[in-house]
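Numbered according to this note's numbering, the sequence shown spans residues 1 to 338. From the three backbone atoms N, C-alpha and C, an ideal C-beta is built for every residue, glycine too.
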Amino acid sequence: FRSLRTIVYQPTIADGIRNYFRYGDEFISNMFKLYTTLILDFMQKDAEHRELFAASIKRLQTEISRENAYRDKVGYVNLKENDAKNNRYLIYRSGVLKKYVDSDLYLNVPKKKDGKLVEQLYLGIAAGLAMMFATVVSFFFQQKFGNFTLPFFIVLVISYMIKDRIKELSRYYFAHRIGNKYFDNKAEILLNEDRIGTIKEGMDFITHKKVPEEVKRVRYSKRLMEVENRVTDEKVMLYRMALHIDRVKLNNLSHYETAGINDIIRFNVNNLLQKMDNPKVNIRHMNDDGTVVTIPCDKIYYVNIVLQFRYESNTTLRRFRVTLTRNGIESINEVEID
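Below, the structure written as structure tokens:
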């Protein structure tokens with residue numbers, strides 16, 4: 001496989017093809033080191049067969065050292081005993097590469113609610129039964145006190161069924177059409193019991209296709225790995241806020257000059273933490289003397305936050321990367337935008 005490097009790195013080969021080769025090569029290297037170090041550790045700990053394994057141990061040590069040198073040469077990340085930051089990135093990168101290679105084995109299964117039409121049909125029947133009961137009562141009293149024909153009874157039931165479904169379908173349609181114009185909550189902003197503004201909030205999960213292009217550009221700039229967006233099925237949560245401040249009232253009610261107000265957004269990550277792996281992953285590593293040691297490495301996850309501020313015709317974008325383990329938040333860093 002590595003003999004293809006001289007072909008892949010020709011000037012006529014596109015960068016994308018070259019990257020695919022690097023990802024595959026690095027993944028193979030990761031798997032090679034994982035299993036050769038595992039076998040070496042097993043042989044070194046088997047004192048009973050130490051002499052029998054002597055030649056194999058020597059061969060494994062040589063191959064692992066050669067692989068480490070190759071990784072350093074081509075720029076792949078190597079495990080280091082006293083470098084937690086390096087090692088956590090190695091674990092993250094190895095996980096992304098594994099998902100990338102495994103991605104060809106999985107089928108894309110976008111989920112949609114099943115049986116929408118049938119559901120509406122059954123709901124219509126239920127509405128018809130309810131209407132039938134009400135109409136039977138009306139029919140009974142009409143027969144007793146006045147004329148009420150059977151065709152009129154049937155038309156009345158069917159029209160009620162259709163009317164009920166039109167109402168529900170219209171509600172569903174308009175709820176999604178106007179969802180971006182209306183919010184979940186609305187509140188007043190008070191200063192000394194005086195209203196100085198309003199705030200509206202809304203939250204929803206959206207598909208990747210509905211993310212604005214300028215937000216996508218910011219999200220995928222300065223990626224830790226170019227392959228990230230190809231292998232991660234990101235869930236996109238949209239939080240919207242519309243804030244209106246009456247500057248005149250704010251100035252009149254405050255004894256001091258006020259530049260503005262600060263809004264604190266609280267994002268609870270507890271539900272995310274519950275689904276994460278153990279915060280530490282033990283990785284075997286061969287020392288310079290050929291012995292195998294176990295190094296605990298951080299297992300991290302990233303949450304990317306893109307903030308879009310709009311005021312009149314001005315738009316500002318900022319991006320933050322939240323580093324998480326199952327123990328909680330490790331760090332929050334702002335990512336520079338190109």
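Bridge partners - residue i, DSSP secondary structure assignment
i, result
"D194", "L191"
"F10", "Looking at the sequence provided, one finds Gln at residue 10 rather than Phe. For Q10, which the question treats as bridged, DSSP gives no partner whatsoever."
"M237", "F205"
"H285", "V293"
"K280", "D298"
Three-state class that DSSP yields for residue i in the structure shown
i, result
"E81", "coil"
"Y100", "helix"
"I39", "helix"
"I245", "strand"
"K23", "According to the sequence shown, residue 23 is Tyr rather than Lys. If DSSP states are grouped into helix, strand and coil, Y23 belongs with the helices."
"T258", "coil"
"R326", "coil"
"R321", "strand"
"Y400", "Examination of residue 400 is not possible in this model, given that the chain is present from 1 through 338 alone."
"F309", "strand"
"V211", "coil"
"E334", "strand"
"K186", "strand"
"I17", "helix"
"N314", "strand"
"I265", "coil"
"K275", "coil"
Beta carbon of residue i nearer than 8 Å to that of residue j
i, j, result
"K200", "M237", "no"
"N304", "R217", "no"
"L307", "R321", "no"
"I39", "L60", "yes"
"P279", "N327", "yes"
Among the options, nearest to residue i - alpha-carbon criterion
i, options, result
"F183", "V218, I189 and Y239", "Y239"
"E67", "V96, M31 and L97", "M31"
"S254", "Y301, N268, D288 and R195", "R195"
"I300", "S331, Y311 and I206", "S331"
"F205", "E234, R310 and V215", "E234"
"G75", "Y92, F42 and R22", "R22"
"M203", "D288, I158, L190 and K186", "K186"
"P296", "N262, E312, D83 and I261", "D83"
"E336", "S221, R50, T62 and L97", "S221"
"N287", "I91, N78 and Y256", "N78"
Nonlocal neighbours in the same chain, by C-beta distance under 8 Å from residue i, ignoring five residues either side
i, result
"H244", "G197, T198 and I199"
"T315", "E214, Q308 and F309"
"G24", "F1 and V101"
Same chain, Cβ closer than 7 Å to residue i, five either side skipped, listed in chain order
i, result
"K80", "N86 and N87"
"L4", "F21"
Residues near residue i by beta carbon distance below 6 Å, same chain, minus five either side
i, result
"I57", "M43"
"D277", "K299"
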